[in-house]
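Each remark here refers to the structure printed beneath this line.
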Amino acid sequence: MKNLIERLHIKYSLTDIVNQRDNFVYLTIRKENAIDLVTYLKDYEGFSHFVLLSCVDWIEDGKFQLSYFLNQPNKKFDIAIRTMIDRENAEMQSSHHLWKHIETYQRELREMYGINFPKNPRIEENFILEGWDEIPPMRREFDTKRYSEKTFFPREGRKTYDPATYMKDKLYPNAPITAKVNKKDE
Amino acid sequence: MSNLFNWNPDRSKYPLMKEDGSLDVDLSSQKFTKLWVGPNHPGVTGNMAVEITVSGDEIVHAKTHVGYLHRGFEKLIERRLFIQGFPTCIRMCVAEPDYNEYLLSKSIEDLSGIEIPEMAEWLRTLVLEMARLQSLLRTVPGQGGTFSLGLGVQWGMYLRDLILDRFEELTGGRIYHMYILPGGVRGLLPDGFKERLEENLQLIDEFIIKIKKLMFDNAVFKKRAIGVGVIKKEWVDQFGIVGPNARSVGISRDIRKDYSYLKYQELDFEPPTATDGDIFARSTVRYRELIQTVDLIRQIMAKMPEKGDIKSPTPNVLHWKIPKGETYTRSESSRGEYGMYYVTDGSDKPRRINLRGPSYNHAMTLLEHMLVNANISDVHAIMVSLQTCPPEIER
Chain A
17 MKNLIERLHI KYSLTDIVNQ RDNFVYLTIR KENAIDLVTY LKDYEGFSHF VLLSCVDWIE
77 DGKFQLSYFL NQPNKKFDIA IRTMIDRENA EMQSSHHLWK HIETYQRELR EMYGINFPKN
137 PRIEENFILE GWDEIPPMRR EFDTKRYSEK TFFPREGRKT YDPATYMKDK LYPNAPITAK
197 VNKKDE
Chain B
493 MSNLFNWNPD RSKYPLMKED GSLDVDLSSQ KFTKLWVGPN HPGVTGNMAV EITVSGDEIV
553 HAKTHVGYLH RGFEKLIERR LFIQGFPTCI RMCVAEPDYN EYLLSKSIED LSGIEIPEMA
613 EWLRTLVLEM ARLQSLLRTV PGQGGTFSLG LGVQWGMYLR DLILDRFEEL TGGRIYHMYI
673 LPGGVRGLLP DGFKERLEEN LQLIDEFIIK IKKLMFDNAV FKKRAIGVGV IKKEWVDQFG
733 IVGPNARSVG ISRDIRKDYS YLKYQELDFE PPTATDGDIF ARSTVRYREL IQTVDLIRQI
793 MAKMPEKGDI KSPTPNVLHW KIPKGETYTR SESSRGEYGM YYVTDGSDKP RRINLRGPSY
853 NHAMTLLEHM LVNANISDVH AIMVSLQTCP PEIER
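From first to last, the protein sequence lines are chains A and B.
So the first sequence is numbered by my numbering: it starts at 17 and just counts up by one.
So the second sequence is numbered by my numbering: it starts at 493 and just counts up by one.
Here it is as structure tokens:
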């Protein structure tokens, strides 16, 4: 497999190679070449099993990291191809023609991160959320607490207490308000 | 054998296709009806629905709908300490929560460079196989349940409850255990645990004989299961099919064998396979896996040491920071490859966690494809035979 990685490095100008395990390597590549590399690995190198398409939000860099996990079932080898795309108007070439189930992964990423995959015929279909008018919820700037406070108003009958005061009142209702102070301490 | 019972008529001319190959379904023509199977339907495997268009009793189009169960677990875990992710993570799959515990612990250990003691590896292997056993005790007779063979389901549920008793004894919880934690496990086996588990396994041995007579020697079950819901071999890679569904078409892929983890390399087993790829083949594979799991649990109990360290030292969980990195860990659940992509950024919380459940592909793309041309009465049988679990689709 070392030969394969060297060949890929020359052919696709990989920007980073990280060996996680003996049979697992991460390759980082520019956005323009990513789908070419995935296609090459599928068609010529026997990476026939597509495992996962995932996204990581690096909000501080203004980037989304897309990770394509491919598996070579015969040689028991995995390659994860990582590529960075801009968060603003996030868009990536679609790879739905390579494996049928990529279509679903892309629908999910569209909904959860707002990444567009043009030419995927089902990209506009709802995946989980219906009638969602907020920013895509898996983006880092989406605040779940604020959203739930805004959307789900407090139910009637539900009160909040300060835990320390509440427990004191519950356990020691007759306790004096101020503790007695020994004369020695004065 | 499959040809004997293959009574599905050739419906290739239905419905009429447009010139571009898309379906020409006009609901006002009175030739077609749109139906929803689920989410409130006893035959559906959990909180999902399939929107089907039928022509007579034949399905011409199917679309899976999820979203009835979305709790945003992956998002919630991003805002919690590493240890706080456990109670949330295990609920991503109710059927076998132990795989979530294992993958989360394994990911944290991978990124922190922690190695776990041998005894903990044995106990983790035992717990994962017990989880597989209780899951198969539901699924194997559950396939008969879709054809109205309810008796096997009741036997299976009783025996599953006995395994849950053992879980309760070992971990304190019946469904969610939180037994596997970063660095090892929470405790040793209680006194007399092995004997009590062996008593349960003997009951399961009897069940294995009875369920064969009830289901696999039953003419009605054969008639309904053989030649129905066929997966073709070339679909396995196209649709990302894994686990028993892939093994039912003769492709022997099993993470326990191919990427051996924990103590599986010390156990003697071969993943069972079949060739026909229909519901009957998938049921047979799962039935043989049930037998194999009982055997594996006995092997584990015979080979594991009585005592030993069960936990490696870990940093204070309230102040634990993990260096920037990412890892993908995987294990073989009863439904197939169960993986977790875990990314850290050097802080005390994970940057991203992504669960790869086998149902993601099986219940969405594959099910939608398989239901076309199927008979309406086979929808639930096909769904159960794929062992779909909606919580792992909408994490």
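Note that CB positions come from ideal geometry on N, CA and C, so glycine has one too.
(request) Could you name the residues of the region 829-850 of chain B whose beta carbon sits closer than 9 Å to any beta carbon of chain A, in the order they occur along the chain? (result) E829, G831, Y833, V835, D837, R843, R844, N846 and R848
(message) In chain order, what are the residue ranges of uninterrupted alpha helix (DSSP H) at least 4 long that sit wholly in the region 762-814 of chain B?
(response) 771-795
(message) Here's the rule: buried if 16 or more other CB atoms are within 10 angstroms of the residue's CB, otherwise exposed. What is B:P850?
(response) buried
(request) For the region 29-48 of chain A, enumerate the residues whose C-beta is nearer than 8 Å to any C-beta of chain B, in chain order. (result) Q36, N39, F40 and Y42
(message) Give me the residue from B:Q522, B:F574 and B:V734 with the minimum Cα distance to B:N808.
(response) B:F574
(request) With 9 Å as the threshold, decide whether the Cβ of A:N168 is near any Cβ in chain B. (result) The residue you asked about is not Asn; residue 168 of chain A is Phe in the sequence shown. No, because no Cβ of chain B sits closer than 9 Å to the Cβ of A:F168.
(request) Determine the direct distance from the alpha carbon of B:S597 to that of B:L681, and round the result to whole angstroms. (result) 20 Å
(message) Check whether chain B comes within 9 Å of A:S83, counting only Cβ atoms and requiring the distance to be less than that.
(response) yes
(request) Kindly indicate which three-state DSSP category A:D52 falls into: helix, strand or coil? (result) helix
(request) Pull out every residue of the region 137-168 of chain A whose Cβ sits closer than 7 Å to any Cβ of chain B, in chain order. (result) I144, L145, E146, P153, M154 and T160
(message) Quick check on the burial criterion: 16 or more other C-beta atoms within 10 angstroms. Buried or exposed for A:T181?
(response) exposed
(message) Based on DSSP bridge pairs, tell me the residues matched to B:G817.
(response) B:T836
(request) Compare the beta carbon distance of B:G577 and B:P883 with 9 Å and say whether it is the shorter of the two. (result) no
(message) What would DSSP say about B:Y852, mapped onto helix, strand or coil?
(response) helix
(request) Return yes when the Cβ of A:K135 is within less than 9 Å of the Cβ of A:I101, no when it is not. (result) no
(request) Under 8 Å Cβ to Cβ from B:K799, same chain only, skipping five residues before and after it: list those, please. (result) M611 and L680
(request) Can you grab the Cα-Cα spacing for the pair B:P763 / B:I783, in whole Å? (result) 11 Å
(message) Helix, strand or coil, according to DSSP, for A:M17 in the structure here?
(response) coil
(message) Would B:Q626 and B:E588 qualify as a contact pair, given that the criterion is a beta-carbon distance under 9 Å?
(response) yes
(message) Here's the rule: buried if 16 or more other CB atoms are within 10 angstroms of the residue's CB, otherwise exposed. What is B:H669?
(response) buried
(message) Looking at the secondary structure, which residues open and close the beta strand (DSSP E) in which A:H65 lies?
(response) H65 to W74
(request) Step through the CB atoms of chain A and report whether any lies within less than 9 Å of the CB of B:F708. (result) no
(message) Tell me the rounded alpha-carbon separation between B:M493 and B:D602.
(response) No answer about B:M493 holds up, because its pLDDT of 47 lies below 50 and its placement is not dependable.
(message) Which residue wins for smallest C-alpha separation from A:R23, given the options A:R37, A:E48, A:F40 and A:Y60?
(response) A:Y60
(request) Give the secondary structure of B:G676 by DSSP, where H, G and I count as helix, E and B as strand, and everything else as coil. (result) strand
(request) Please compile the residues from chain A whose C-beta is within a distance smaller than 7 Å of the C-beta of B:H553. (result) Going along chain A, no residue has its Cβ under 7 Å from B:H553, so there is no contact; the nearest lies around 13 Å.
(request) Return the first residue and the last residue of the alpha helix (DSSP H) that B:V542 is part of. (result) Note, B:V542: premise wrong, no alpha helix (DSSP H); beta strand (DSSP E) at A541 to S547.
(request) Taking 9 Å as the cut-off, decide whether the C-beta atoms of B:S823 and B:R748 are in contact. (result) yes
(request) Provide the residue(s) that pair with B:G831 in DSSP beta bridges, ordered along the chain. (result) B:R822 and B:R848
(request) Would you kindly report the start and end of the unbroken beta strand (DSSP E) that includes A:R98? (result) F93 to D102
(request) Using a Cβ-Cβ cut-off of less than 7 Å, give me the residues of the region 733-761 of chain B that come near chain A, in sequence order. (result) R745, D750 and Y751
(request) Check each residue of the region 105-125 of chain A: if its Cβ is closer than 7 Å to any Cβ of chain B, include it; give the result in chain order. (result) W115, K116, H117, E119 and T120
(message) My output table needs one value for A:A180: the three-state DSSP class, helix, strand or coil.
(response) helix
(message) In this structure, how does DSSP classify B:A873 when only helix, strand and coil are distinguished?
(response) helix
(request) In the DSSP assignment, find the beta strand (DSSP E) that holds B:F713 and state where it starts and stops. (result) Where B:F713 is concerned, there is no enclosing beta strand (DSSP E), although the alpha helix (DSSP H) it sits in stretches over A711 to A717.
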